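Residue numbers (this note's numbering): 253 to 335. Each residue gets a CB set at the ideal place from its N, CA and C atoms; glycine is no exception. Note that the structure is predicted; figures quoted are calculated from it, not measured.
So this is what it looks like as structure tokens:
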């Protein structure tokens, strides 16, 4: 069963946004790039001057020029965007 990631994005401008049934998260930071899929190993890190793409079967959400902190654990991806 693919597409079981839940993505939670928090920033002051929009509050909490939640995406269900996410198939892929592409994270690009100043010094690295990641592709996160279902059952990916746990991650904790920062994103600097980067972008985030959230891909579902029917939609695609993109955040660009962001700085923040993220965590991926047990198919839940959480990002806090610094303002």
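Presumed contact (8 Å Cβ cut-off) between residue i and residue j, rounded CB distance
| i | j | result |
| --- | --- | --- |
| residue 270 | residue 256 | Residue 270 to residue 256, Cβ: 14 Å. No contact. |
Residues bridged to residue i (per DSSP)
| i | result |
| --- | --- |
| residue 321 | 298, 332 |
| residue 263 | 267 |
| residue 258 | 328 |
| residue 293 | Its beta-bridge partners do not exist; DSSP assigns none. |
Residue interval of the beta strand (DSSP E) (run including residue i)
| i | result |
| --- | --- |
| residue 273 | 267 to 274 |
Through-space distance from residue j to residue i, alpha-carbon basis
| i | j | result |
| --- | --- | --- |
| residue 272 | residue 283 | 28 Å |
| residue 294 | residue 322 | 11 Å |
| residue 268 | residue 262 | 4 Å |
| residue 303 | residue 312 | 13 Å |
| residue 286 | residue 309 | 20 Å |
| residue 327 | residue 320 | 19 Å |
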